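Heads up, the thing below is written out as C-alpha cells.
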Ligand SMILES: CC(C)(COP(=O)(O)OP(=O)(O)OC[C@H]1O[C@@H](n2cnc3c(N)ncnc32)[C@H](O)[C@@H]1OP(=O)(O)O)[C@@H](O)C(=O)NCCC(=O)NCCS
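Numbering (my numbering), first residue to last: 2 to 173.
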C-alpha cells in the first residue's frame, strides 16, 4: 500500500503466521466457495502440522510465496504464488475480508505476488478465475492480466466455469 495512506499493509508470511494464514484461508473458503477449487470441508480437517509446514514453505524462496494483508494488526487478506506444471508462476488462494474490499487491498496482494514472480525470474504469472467473478476479473484486468481460451470446471462435478488469465511479466 502507499505509505501513510492507511493502516493496510501487505507482507510475506513468516513461520509464526501459520495460525493467521489458516484462519484467513478457512474464512476465504467459507465466504467464497465458488472462488476456490478446494473446499472448506477439505481444508478445515488438516491438523496444525499441515499449516505449520505450509507457512514454513511459503516464507522464503522461489517455490511458493504467501503474502498476508493486515489492517493494523488485524488479518485482512491473503494471496499465494506457486509454480505451475509448466514451470511458470501462478497466483492462487486470493481473498480479502469483505468489509475491506474496494480499497485496492486485492491489488496490493497481486502486486506482491507479481514482484515475487519477477524477483524469481518467471516470464509469466497465470491465474484461474470463475467466469462470473466480476470483482476479481475487474481487478485482474486493471493490473494487466489478459484472458486466455483455456477454461475448465472449478472442480469435479461443479457447474462453475473457470478461465485462465495471464500476465506477461517481461512485457510490463
Ligand atoms: C477478488 C477480491 C480479492 C478483490 O479484493 P479487493 O481488495 O476488493 O480488490 P480491489 O479493491 O483491488 O479491486 C476490486 C474490484 O471489485 C470492485 N468491488 C467489488 N465488490 C466491492 C465491494 N463490496 N466494495 C467495493 N468495491 C467492490 C471494486 O470496485 C474493484 O474494481 P474497480 O476498482 O476496478 O472498479 C475480493 O473481492 C475477494 O476476496 N473476493 C472473494 C474471493 C475471490 O473471489 N478471490 C479471487 C479468486 S480468483
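Cβ atoms here follow ideal geometry from the backbone N, Cα and C, with glycine treated the same way.
Predicted, not measured: the structure shown is a model, and the values here were computed from it.
- When distances are taken from the beta-carbon of residue 108 to the heavy atoms of ligand 1, the shortest one is below 7 Å.
- By the neighbour-count definition (other C-beta atoms within 10 Å, threshold 16), residue 8 is an exposed residue.
- Residues 164, 165 of the same chain have their beta carbon placed closer than 8 Å to that of residue 151, with the five preceding and five following residues left out of the count.
- A Cβ-Cβ distance of about 6 Å is found for the pair residue 18 and residue 69, placing them in contact under the 8 Å criterion.
- In chain order, 89, 90, 170 place their CB closer than 7 Å to the CB of residue 123, counting only its own chain and leaving out the 5 sequence neighbours on each side.
- The beta carbon of residue 115 sits no closer than 7 Å to any heavy atom of ligand 1.
- Sorting 57, 96, 62, 64 by C-alpha distance to the C-alpha of residue 24 places 96 at the top.
- Judged by DSSP secondary structure, residue 120 falls outside any beta strand (DSSP E) and instead within the alpha helix (DSSP H) spanning 106-121.
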